[in-house]
Every structure is written in C-alpha cells, then in structure tokens.
Amino acid sequence: PIKALLFDLDGVIVDTAIFHYQAWRRMANSLGFDITEEFNEQLKGISRTESLDIILAHGGLVLSDEKKAELAAQKNEWYLELVSQMTPANILPGVTDFFAQVKAAGLKTALGSVSKNARLILERIGMLDDFDAIIDGTKISRGKPDPEVFLKGAAETKAQPDECVVFEDAVAGIEAAKRGGMLAVGIGEPAVLTWADLVVGSLADLTLDEVLTLAPT
Ligand code: B16
Ligand code: MG
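Take any residue in the sequence shown, count from 1 to its spot, add 41: that is its number in the working numbering.
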C-alpha cells in the first residue's frame with residue numbers, strides 16, 4: 042500500500058521555473074549570449090552548479106572556479122528578488138485540494154527538491170507546515186537523476202520505496218524516482234515524461250484515489 046507521497050517543488054507545487062529561467066537569462070545576457078525557454082527545459086530539476094556548467098558550455102565559455110562561484114551567487118541574488126514577490130497565489134492549480142485529500146487519508150508527505158531555496162519558497166507560499174519531511178538541496182550530496190533526494194524522503198517518512206509515489210515535472214526527477222524503486226506521477230506531457238507510471242497536466246486533473254490504484258494492494 043501507499044504510505045507516503047513525495048513532491049518535487051518547482052513545477053509541481055509552484056512555478057518557479059520561469060524565475061530560474063529569467064535569472065539565468067539575465068546572467069547569460071551579462072556574459073554576451075542568450076538562452077531560450079526551450080533550452081531551459083534541460084535545466085529543470087538540475088542543481089545550480091550543474092545548471093551553470095550547462096549554460097556556460099552553451100555560450101562556449103570556460104571560466105575559473107572562482108568566477109563560476111561569483112556567477113552562481115549573482116544568479117541566486119537575481120532569482121531571490123523574483124521569489125520575494127511570491128505569495129500563496131503562486132501555488133499551482135489543484136495543489137491545495139489534493140493536499141486536503143492526502144491529509145484526510147492520513148498519508149505522509151515529503152518535499153524532494155534539489156533547490157537550496159526550497160524552505161524559503163514554502164514559507165512565501167504558506168506551505169512550510171504541509172510537509173512531514175523536507176528534503177532540499179542543503180540535505181543532499183547528489184542531485185536528480187540520482188535517487189538520493191527521494192530515498193531520504195522515504196526514510197524520513199518511514200516508508201519503503203515501493204510504498205512511495207513521487208510527483209515530478211522533470212525528466213531527471215522521474216528518472217530519480219524510478220531508479221529509487223518508486224512509483225512516479227509526471228506533471229506535464231506524456232511524450233516528455235515517458236518513464237512515469239501516469240502523466241497528468243496538473244494536480245487539478247488528478248484525485249488521490251486514482252493515485253492509490255497505481256499500487257498493487
Ligand atoms: P537553487 P526542484 C530545482 O528545483 C529546479 O528545478 C532547478 O531549475 C534549480 O536549478 C534547482 O532546483 C536548484 O535551485 O538554485 O534554488 O538551489 O525542481 O528540484 O524543486
Ligand atoms: Mg521540478
């Protein structure tokens with residue numbers, strides 16, 4: 042049976058992807074090149090330092106570790122400016138209702154995000170108390186698609202991997218869930234999230250009962 046539901050943050054609970062994109066784009070522009078929204082897709086679920094490496098390679102730049110640390114800090118500053126304007130109105134459609142069903146059913150919830158800003162964002166949208174466990178970028182040593190973030194969420198909610206369902210919008214996140222031996226619900230396009238056990242457009246399109254039928258009883 043399902044005991045715990047593990048949620049990605051960006052793209053599942055709240056749409057911060059657009060803010061990451063705007064901040065990275067500002068950084069790329071300051072270095073003399075541009076990135077597109079399409080390019081930004083491959084950065085979803087990828088850590089700050091890895092994202093920076095991908096963007097610099099795209100711009101054909103090789104920089105020192107010192108310069109890279111400076112750029113990562115600058116990007117985060119710009120990102121946090123955007124995050125500071127967030128309110129509970131930024132919670133994605135269906136999330137609040139879905140969490141009400143989860144709580145009523147007595148299931149555990151955990152956040153599984155590689156973001157180091159996850160707690161701050163949950164605070165801004167008023168959802169800090171909605172999770173039994175919060176696993177974020179400050180608690181992991183390997184980013185998605187490594188399953189570490191979700192295995193830690195399972196451990197903290199005292200669930201076995203096969204008793205967990207992961208909700209993810211990123212290819213790297215679905216891969217992390219499957220490598221961890223968990224069920225995965227994709228939020229997005231079935232053609233993109235091909236490894237997911239089920240794909241929906243948003244949590245508004247899903248009931249908890251549908252999720253529970255994914256597991257053999
Ligand atoms: P930060 P998630 C990820 O969050 C984002 O999808 C990704 O774009 C970002 O680079 C990463 O967090 C690190 O975020 O710079 O705030 O530490 O999807 O795992 O919730
Ligand atoms: Mg995400």
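Ideal Cβ placement from N, Cα and C applies to all residues, glycine included.
Here the structure is a predicted model, which means the values were calculated and not measured.
Residue i, enclosing alpha helix (DSSP H) - first and last residue
i: LYS193; result: 189-197
i: ILE215; result: 212-220
i: PHE140; result: 136-145
i: GLU226; result: Glu is not the amino acid found at residue 226; the sequence shown has Val there. Note, VAL226: premise wrong, no alpha helix (DSSP H); beta strand (DSSP E) at 224-228.
i: ALA98; result: 89-99
i: VAL103; result: Segment: none, VAL103 is in no alpha helix (DSSP H) and carries neither H nor E.
i: LEU249; result: 249-253
i: ALA58; result: 58-71
i: PHE172; result: Neither: PHE172 is in no alpha helix (DSSP H) and is coded neither H nor E.
i: PHE48; result: Not the alpha helix (DSSP H): PHE48 falls in the beta strand (DSSP E), residues 45-48.
i: LEU239; result: Element bounds for LEU239: not the alpha helix (DSSP H) but the beta strand (DSSP E), 239-241.
Identity of the residue in the options nearest residue i by Cα
i: LYS85; options: MET168, GLY167, ILE59 and ASP138; result: ILE59
i: SER156; options: ASN117, ILE96, LEU224 and VAL136; result: ASN117
i: LYS185; options: THR235, ILE43, SER88 and ILE176; result: SER88
i: LEU253; options: PHE139, ALA232, GLU78 and LEU102; result: PHE139
i: PRO188; options: ASP170, ALA225 and LYS109; result: ALA225
i: GLU82; options: LEU247, GLY222, ARG220 and GLY214; result: GLY214
i: PHE208; options: HIS99, ASN131, THR179 and VAL136; result: VAL136
i: ARG66; options: PRO42, VAL53 and HIS99; result: HIS99
i: ASN131; options: GLY147, ILE181, ASP56 and GLU91; result: ASP56
i: TRP236; options: LYS219, LEU249 and ASP250; result: LYS219
i: LYS144; options: PRO257, LYS44 and ASP246; result: LYS44
i: ALA141; options: GLU122, GLN126, MET168 and PRO202; result: MET168
Expected contact under 8 Å - CB spacing of residue i and residue j to nearest Å
i: LEU152; j: LEU50; result: 6 Å
i: ALA64; j: TYR120; result: 4 Å
i: GLY52; j: ASP210; result: 3 Å
i: LEU46; j: LEU72; result: Between LEU72 and LEU46 the Cβ distance is about 40 Å, and since that is not below 8 Å, they are no contact.
i: TYR62; j: GLU79; result: That pair is no contact at about 10 Å.
i: SER154; j: ASP177; result: 5 Å
Residue range of the beta strand (DSSP E) that includes residue i
i: ALA113; result: That residue, ALA113, is in no beta strand (DSSP E); its alpha helix (DSSP H) goes 106-124.
i: GLU31; result: Outside the displayed range of the chain (42 to 258) lies residue 31, so it cannot be described from this structure.
i: LEU161; result: It is not in any beta strand (DSSP E) - LEU161 instead sits in the alpha helix (DSSP H) that spans 159-165.
Beta-carbon spacing of residue i, residue j below 9 Å
i: MET223; j: VAL240; result: no
i: GLY221; j: ALA195; result: yes
i: VAL233; j: VAL212; result: yes
i: LYS149; j: LYS199; result: yes
i: PRO42; j: GLU216; result: no
i: ALA114; j: ILE96; result: no
i: LEU93; j: VAL124; result: no
i: LEU163; j: ILE181; result: no
i: ILE166; j: PRO129; result: yes
i: LEU249; j: ASP238; result: no
i: THR90; j: LYS109; result: yes
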